[in-house]
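Q: To convert, take the position in the sequence shown, counting from 1, and add 936; that gives my numbering. Take a look at the following structure, please.
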Amino acid sequence: MVVHVESQNTNDHVEDLWRNLKQDEYHKVLTSVSESTYKRQPLGRSCIRGHKLPQYMTDGTYRHGVKTCDRNEDAKRLIYPLGNSIVENSHDLHKPGEQKRRNYNWPVDPDNTTFGVKGEIGTMGRGGSAGVALALRMNNSSDDRSTPEERKSTVEIDLDKVFGKSTCQGKDSAADCLGHTGDIDTKEDDQHEDDLGKSLTPGFRNVETSRSFGCPSIRTDIPKYERSSVADLQNYGDDCNAAYLLRPSLLSSLGLGDDEFVRPRLKEDLRKLVLNCGLVDEDEFDCIFHQVADADGRASIEGFLSKTTSYLISPPTPTNTLSNSITIPQYSKCTGLKNEIYNWRGQQIRYMACGPKDSKHTVVLLHGLFVNADTWRHALKDLGEAGYRTYALDLLGSGYSSRPMPDSPEAKLLNSENGRFYTEEVDVGQDSICLRSPIRENVMLGTASGGRRIAKQIDLRHPLNSCYNFFTWAEQINDFTHDIVFDGVDTCQDGSLKTTSLIANSKGCIVALQACLDKPEYYNGICAIDPTYREMHEAEMKFKVVKGPIVRRFQKMLRNRGHGLYNFVSRRRAIIRKLLRGPYFNHDAIDDDLLDAIVEPLNLQHSSDIVFDELSYSTGPLFEQQLQEMNDNPDSSERKRIWVVYGEKDPWLHPKRVDSLMTTPFSEGGKPVVDRVIPIENAGHCPHDERPVEVGKVLMDFLETCKAS
């Protein structure tokens, strides 16, 4: 015999082996599990666990201490009754259909009458009373109201004794009424249940008086296409509802609904409506529209009227306090020139000016990414001393200019993408302003080797709908040119148009080209110094399908979690100096004045949000695409004078690609899109600051050609 151990002798007993067995903790657990037995007891009996129970509970007939009633039914039948016993138990043994004596003063005897008449045929089970229960029991279980058939019962009931009383006319029994015997209704009246409540005529439901559900249209001044019955609200819902019938719109008689007042409209469409009504003048319209326009540059009539009411009641008072005001040093440390303020759409724009105010030739300088107007410290003063009235300004969000939060309502109002493009949902008709699609397809671009390739699609819109885009900056430059450079007057005394020259670096080159595309009459030429080809743009990205999602995820991570890293880097001049050694080939140009000019603005309020917003700008216009839109034109009179200057050591430019702008046309049979391409030796991305003398000579030659034009 074996019990967890092998027996050494056939005469050994289990108890002796068990008593002498030495077990460890593991075997004790196994033994406990294997030797444990739980004896299941019958339902309703106590388990035998060795307890001493009272004598009366040890009897085999004991059932939980309570003797059942005399029905001879055990607990199981009480919990799960059979047949109609549950009805009998709940009705004190009264059979179905049998009246219970409640001592009412009725003219019938409940003992002899079931619902007014006692069955006369046979005995149906209990009590021998058939009653109406058998009369209501039909042979066919299906009840199709569209095909009436005679219902037969096993009991004949006296027609004078229907539910205990004689009917008024004595024609139809209860069985006939409930069983629907006989051809009482016509086929048209006897519709199927699925068709109940539906109109029998197609087209505009419930218009005919014969199918108006007993109620004609409530109003007679509603156009026919809006007429309907109140019943349609609960039967269909695809016609005009009851609420509209009871409270129609004010102009329903003219066929106009509420959607005409809440539908967003383009700015020019809304301008025509408002000005024709004489509600406000043009200046007031522009002010109100900017406050109510959505992200797509559209507004509804209702929204505009609501804002107009509050505007006319309490018009805004003029104030000298500028939004997002920033403390600006009185003078620039780099140039020694006074810092001026230009109030643009409620934002402050820092700029500097140099040169004679009465000069006939003016120049506007545009800075690059993450820097400001102080990087023009050499060219600004050199051109001014040469007799040119020269301006250098900070773009919105850069330097000492205002920098509203990218997702703030104030920033959304500044976004110049509003109303510039049309989308697939907007119908551009003959009366609408001429808009262009935000998508450019099959755009010819350059390659690093100087060749050409086709970008299938370029989306010109900012992916985050931010105001920090090239179209907003272009409008800023155009307004600055008109208000400051031209002093609000576009023409000279002899009636000729005033023009100015644009000189830009890096991202400022795309801003300059876009400004010239928007206002070509303002400018006589553009000199692009190391233009950015925007390597993070979707059209410039290799393996976009793979790299695109990774780049977007990294951009989002910077926007959400990169502020701590930005604050750590932007406050340390040593780190900024090392970072500048990337774009600057001439490290001697990275002096303390340049560091002061860059570090201080980078630590102003909202700087990190704007920097990460610009790093997420992976769409928008491209330099080569803009050049084609401007100068890829057989009409030489429509072309603009464009020079390109670049540092040969620029880490972000491919010399062959830049040189091809002057040698290789973008279209078959076309002309080069630029007039000259000039490389600067031993210079990086900012040759105007690294090699100011060499670049200064090129700029003088460029401006001389602009004078001649």
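Idealized CB from N, CA, C, for every residue including glycine.
Just the Cα atoms here: how many angstroms apart are V1307 and G1632?
A: Cα to Cα, V1307 sits roughly 20 Å from G1632.
Q: From D1217 to C1223, what does the alpha carbon distance come to, in whole angstroms?
A: 10 Å
Q: For V1379, which residues in the same chain have their Cβ closer than 6 Å to its Cβ, ignoring the five residues on either side in sequence?
A: A1391, I1394, Q1561
Q: Curious, which full-length beta strand (DSSP E) runs of at least 3 residues does the region 1583 to 1637 contain?
A: 1612 to 1616
Q: Pick out whichever of H1398, E1617, R1612, Q1284 has its Cα sitting closest to the Cα of P1374.
A: H1398
Q: I think L1332 touches Q1266, with their Cβ atoms under 8 Å apart; what is that distance to the nearest whole Å?
A: Contact doesn't hold; Cβ gap of about 22 Å is too wide.
Q: With 16 as the cutoff for other CB atoms within 10 Å, does N1354 come out buried or exposed?
A: buried
Q: Is the Cβ of D1330 closer than 8 Å to any Cβ of chain D?
A: Among the chains in the structure shown there is no chain D, since it carries only a single protein chain.
Q: Nearest-angstrom Cα distance between R1627 and A1619?
A: 7 Å
Q: Compare the Cα-Cα distances from P1345 to each of A1644, R1372, N1401 and report the closest residue.
A: Considering only A1644, R1372, N1401, the residue with the shortest C-alpha distance to P1345 is N1401.
Q: Can T1641 and R1575 be called in contact, C-beta distance under 8 Å?
A: no
Q: Is DSSP giving N1460 helix, strand or coil here?
A: Correct three-state label for N1460: strand.
Q: Classify G1063 as helix, strand or coil using the three-state DSSP reduction.
A: Note that G1063 scores 44 on pLDDT, short of 50, meaning its location in the model is unreliable and no value can be drawn from it.
Q: Would you kindly work out how many angstroms separate the C-alpha atoms of F1559 and S1442, rounded to a whole number?
A: 10 Å
Q: Using CA coordinates, which residue listed in V1300, D1524, P990 is at the minimum distance from G1320?
A: V1300
Q: Taking 8 Å as the cut-off, does the region 1499 to 1519 touch the region 1528 to 1539 (at least 3 CB pairs, one atom from each stretch)?
A: yes
Q: Evaluate T1383 with the Cβ neighbour count: other Cβ atoms within 10 Å of its Cβ, from every protein chain shown; 16 or more gives buried, anything less gives exposed.
A: exposed
Q: If we ignore side chains and look at the alpha-carbon of each, how far apart do L1273 and S1543 end up?
A: 24 Å
Q: Please list, in chain order, all residues of the same chain as K1293 whose beta carbon is under 7 Å from its beta carbon, the five residues on each side excluded.
A: R1325
Q: List in chain order: all unbroken beta strand (DSSP E) runs of 3+ residues lying wholly within the region 1326 to 1361.
A: none
Q: G1444: which of S1334, I1511, K1243, I1546 sits nearest, CA to CA?
A: S1334
Q: Leaving out the 5 sequence neighbours to the left and right, which residues in its chain are closer than 7 Å to V1198 when beta-carbon positions are compared?
A: S1236, E1238
Q: Counting only the same chain and skipping the five closest in sequence on each side, list residues whose C-beta sits under 7 Å from that of K1643.
A: H1297
Q: For C1463 versus V1581, is the C-beta distance shorter than 8 Å?
A: yes
Q: In three-state DSSP terms, what is G1387?
A: coil
Q: Let's see if you can read the secondary structure: which residues bound the beta strand (DSSP E) around R1508?
A: That residue, R1508, is in no beta strand (DSSP E); it is neither H nor E in DSSP.
Q: Looking at the structure shown, is L1301 part of a helix, part of a strand, or coil, going by DSSP?
A: strand
Q: Quick one: Cα of P1623 to Cα of I1262, how far?
A: 30 Å
Q: Quick check: A1328 and A1309, are their CB atoms within less than 8 Å of each other?
A: It is a contact, given that the beta carbons lie within the stated cut-off.
Q: Drop a sphere of 10 angstroms on the beta-carbon of T1311, count the other beta-carbons inside from all chains shown, and report buried for 16 or more, exposed for fewer.
A: buried
Q: DSSP three-state label for S1543, please.
A: helix
Q: Name the DSSP beta bridge partners of I1465, please?
A: I1465 is bridged to N1441, V1581.
Q: Tell me, please, which residues DSSP counts as bridged to G1382.
A: R1388
Q: Specify the secondary structure class of I1526 as computed by DSSP and reduced to three states.
A: coil
Q: Buried or exposed: where does Q1170 fall if 16 or more other Cβ atoms within 10 Å of its Cβ makes it buried?
A: With a pLDDT of 37 at Q1170, under the threshold of 50, the predicted position of this residue should be treated as unreliable, though the coordinate-derived value follows. Classification of Q1170: exposed, given that the 10 Å Cβ count is below 16.
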